[in-house]
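Residue numbers (the UniProt record's numbering): 1 to 742. All C-beta atoms, glycine included, are put in the ideal place defined by N, C-alpha and C. Following: one structure in structure tokens, then a few remarks.
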């Protein structure tokens, strides 16, 4: 039986760590798939629970040299658990900050010695006399402060899974012990060149590495701010009415069926249906919609939204992990943990990166030794190559951008359910919209009344008859009459005639409302209104004839009207170079009429629900990369068949079951936003990966000395450390710049 588990991973210091854990888990029997995200420090694992359990998974990770523990619960966690998780991260960042500051303070005298000579600063006599001894003592102290880096690197060597810390360990330990041996020989009276001491390199490297890790921890934390904001939306308590008493309870104690009271200015704690009250609710946090939505009895309210004006009472329908906010957070977290196909190359490189760099460093040192250069020269090359290499940047480029992109989208009411969707969206060249409920509101409304006599009289008579019917068109007519405050009369002898209309008696007069066929059956001429009927029908509307005692008195026209932003969305898609099609079960004339109003290129009409996926297949066979936009339930097969399924609707079921992208509010402009944001995110991923690859492709050969024969320039290991430290930070800053996306 397949089971998905999520674990927090401790001890990862670079992308190579994530690659090693993935490699070891994939070899384990019972593991179907695994994704270790270096940026979020989490492992997402799909296992066969009949072959392996969570404890065995943890053991494999622990045996690889890392620590695995259960991921902290989110929405149902107590405040204490939330604080504990937050405190852990804060303690980690504080520890990294202290390590950097202590190593910097200890290293400052050495920095003064080295830099002071270069720029002519006064040099105290004891620095001149005991310089090497001071450097040795301070280098030892700095290594002591940063010893956990050495410890981590050594463990990974023993576990045969070398990582970034391993490179730092080998580089700094080689420089330190080589310098220590030379210091001992100098103390014993041997003549040793000052170029044979690398204490300052060990110090500078560890100082810069500590700074880089500190900055990386801070910036990595900022990429997950969106999910933290979502998690912070839910209130801690709720007022429930039990036994006619108002009780303040913890959010985790609210159960389905509870009557919940929310005062003006308070957050709605869980999802539910209003049973009493009328108020405006600010749903911006969930839907991105800035204008408060009016709520009355029978309307749905969403947890974490804000009640603005009056007291509301509602019945809790979804609590805990079932609330829309919980589902949104789960979708966003899963998306942040998923991998885009573009990351696969970086993952492969990361796994082999450290061993390859070790080989390059050794070969480079041996080459320069064989070329006749000194051991000190070769050692400089060896250390510089080890330190300049940076798998961290490769591992951070994709997940940090994905975290920012999916977080930004969630804040705009767009849920991107996987990284794959981000990559697919940019290739879309045709967008197919379902008609009913997607392009249109999905609710028939009276759009026109063509009276031969009085307009209000026609509507009043028609509504009086139709109030006895449950047909959607009848509901539209009755609703229109109520909006006009028209008093409805009691009719007798109501009869629904399937496919044709209805008849009834009012004040002993026979009333007919329906099609031409109904009029023909009753020998009523429609010649007087035929031209108007054709005009309305050409617009894709349903025109119904009203007759009293065999005399036509007018036409009532009903249509499923377009959503406000349908035309604007289609226009923008055209400007983006996308073709737009519409798929509908309606007849071709109705389809063409709607298509003409919004400017759609292609109409797929008279398509049954089960045939929609076949129509998508046909488009794909023409070479189209198709995005299907539908309501997420009836259109599920088509959404699944499309290259990218985009589901509209605010229901949790819709969000969980259909579409790779879910638009919480029914605004078709969000289709445009989701495609554009996906394109923008992928662009940022490519920029990050480019610089990560470029940095290593250029940096390693330079460190190996390729420029030395022509320029005489050799990369100092300290400069290499500074460059490596800031490469990861620059990649994360590239992702953070997405905050300015408009």
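Assigned exposure category for residue i - 16 Cβ within 10 Å defines buried
{"i": "residue 458", "result": "buried"}
{"i": "residue 710", "result": "exposed"}
{"i": "residue 147", "result": "exposed"}
{"i": "residue 151", "result": "exposed"}
{"i": "residue 368", "result": "buried"}
{"i": "residue 489", "result": "exposed"}
{"i": "residue 242", "result": "exposed"}
{"i": "residue 566", "result": "buried"}
{"i": "residue 588", "result": "exposed"}
{"i": "residue 596", "result": "exposed"}
{"i": "residue 513", "result": "buried"}
{"i": "residue 158", "result": "exposed"}
{"i": "residue 536", "result": "buried"}
{"i": "residue 352", "result": "exposed"}
{"i": "residue 349", "result": "buried"}
{"i": "residue 100", "result": "buried"}
{"i": "residue 291", "result": "exposed"}
{"i": "residue 262", "result": "buried"}
{"i": "residue 341", "result": "exposed"}
{"i": "residue 586", "result": "buried"}
{"i": "residue 444", "result": "buried"}
{"i": "residue 453", "result": "exposed"}
Euclidean distance between Cα positions of residue i and residue j
{"i": "residue 130", "j": "residue 110", "result": "12 Å"}
{"i": "residue 53", "j": "residue 66", "result": "18 Å"}
{"i": "residue 333", "j": "residue 156", "result": "29 Å"}
{"i": "residue 57", "j": "residue 613", "result": "40 Å"}
{"i": "residue 639", "j": "residue 437", "result": "15 Å"}
{"i": "residue 464", "j": "residue 491", "result": "7 Å"}
{"i": "residue 477", "j": "residue 3", "result": "52 Å"}
{"i": "residue 553", "j": "residue 295", "result": "39 Å"}
{"i": "residue 360", "j": "residue 127", "result": "37 Å"}
{"i": "residue 201", "j": "residue 379", "result": "11 Å"}
{"i": "residue 502", "j": "residue 523", "result": "16 Å"}
{"i": "residue 186", "j": "residue 132", "result": "9 Å"}
{"i": "residue 716", "j": "residue 69", "result": "40 Å"}
{"i": "residue 706", "j": "residue 231", "result": "51 Å"}
{"i": "residue 273", "j": "residue 25", "result": "46 Å"}
{"i": "residue 581", "j": "residue 669", "result": "16 Å"}
{"i": "residue 694", "j": "residue 191", "result": "43 Å"}
{"i": "residue 302", "j": "residue 314", "result": "11 Å"}
{"i": "residue 406", "j": "residue 647", "result": "16 Å"}
{"i": "residue 382", "j": "residue 48", "result": "45 Å"}
{"i": "residue 17", "j": "residue 564", "result": "51 Å"}
{"i": "residue 267", "j": "residue 321", "result": "18 Å"}
{"i": "residue 713", "j": "residue 373", "result": "14 Å"}
Nearest neighbour of residue i, chosen from the options [CA to CA]
{"i": "residue 698", "options": "377, 727, 50", "result": "727"}
{"i": "residue 141", "options": "166, 156, 104", "result": "104"}
{"i": "residue 264", "options": "675, 312, 301, 298", "result": "312"}
{"i": "residue 722", "options": "163, 95, 207", "result": "207"}
{"i": "residue 33", "options": "276, 153, 126, 5", "result": "5"}
{"i": "residue 13", "options": "169, 616, 635, 381", "result": "169"}
{"i": "residue 525", "options": "482, 505, 316, 546", "result": "546"}
{"i": "residue 610", "options": "584, 593, 600", "result": "584"}
{"i": "residue 480", "options": "456, 468, 494", "result": "456"}
{"i": "residue 91", "options": "161, 7, 218", "result": "218"}
{"i": "residue 498", "options": "431, 515, 598", "result": "515"}
{"i": "residue 629", "options": "732, 660, 45, 245", "result": "660"}
{"i": "residue 606", "options": "305, 93, 315, 590", "result": "590"}
{"i": "residue 509", "options": "666, 229, 493, 521", "result": "493"}
{"i": "residue 216", "options": "363, 181, 377, 38", "result": "38"}
Residue i Cβ short of 6 Å to the ligand FAD heavy atom set
{"i": "residue 358", "result": "With respect to the ligand FAD, the structure offers nothing, as it holds no ligand at all."}
Cβ of residue i within 7 Å of any chain D Cβ
{"i": "residue 295", "result": "No chain D appears in the structure shown, which is made up of a single protein chain."}
Practice item. Could you tell me whether the stretch 131-150 touches the stretch 163-181, where touching means 3 or more Cβ pairs closer than 8 Å? Key: yes
Review point. Any chance the stretch 348-360 sits against the stretch 380-390, with 3 or more Cβ pairs inside 8 Å?
Key: yes
Review point. At which residue ranges does the stretch 139-187 contain complete alpha helix (DSSP H) runs of 4 or more residues, listed in the order of the chain?
Key: 147-158, 164-187
Practice item. Pair every Cβ in the stretch 680-698 with every Cβ in the stretch 402-422, then say whether three or more of these pairs are closer than 8 Å. Key: yes
**Study point:** Whole beta strand (DSSP E) elements within the UniProt domain "HMA" (3-69), 3-residue minimum
**Key:** 31-37, 42-48
Check your understanding: What are the complete alpha helix (DSSP H) segments, minimum 4 residues, inside the stretch 581-607?
Key -> 588-598
Review point. Using 8 Å as the threshold, is the stretch 567-581 in touch with the stretch 398-414, meaning 3 or more CB pairs across them?
Key: no
Exercise for review: Only counting runs of 4 or more residues, tell me where the alpha helix (DSSP H) segments fall wholly within the stretch 415-480, in order along the chain.
Suggested key: 419-425, 455-466
**Study point:** Uninterrupted beta strand (DSSP E) stretches inside the stretch 649-713 (no shorter than 3 residues)
**Key:** 661-663
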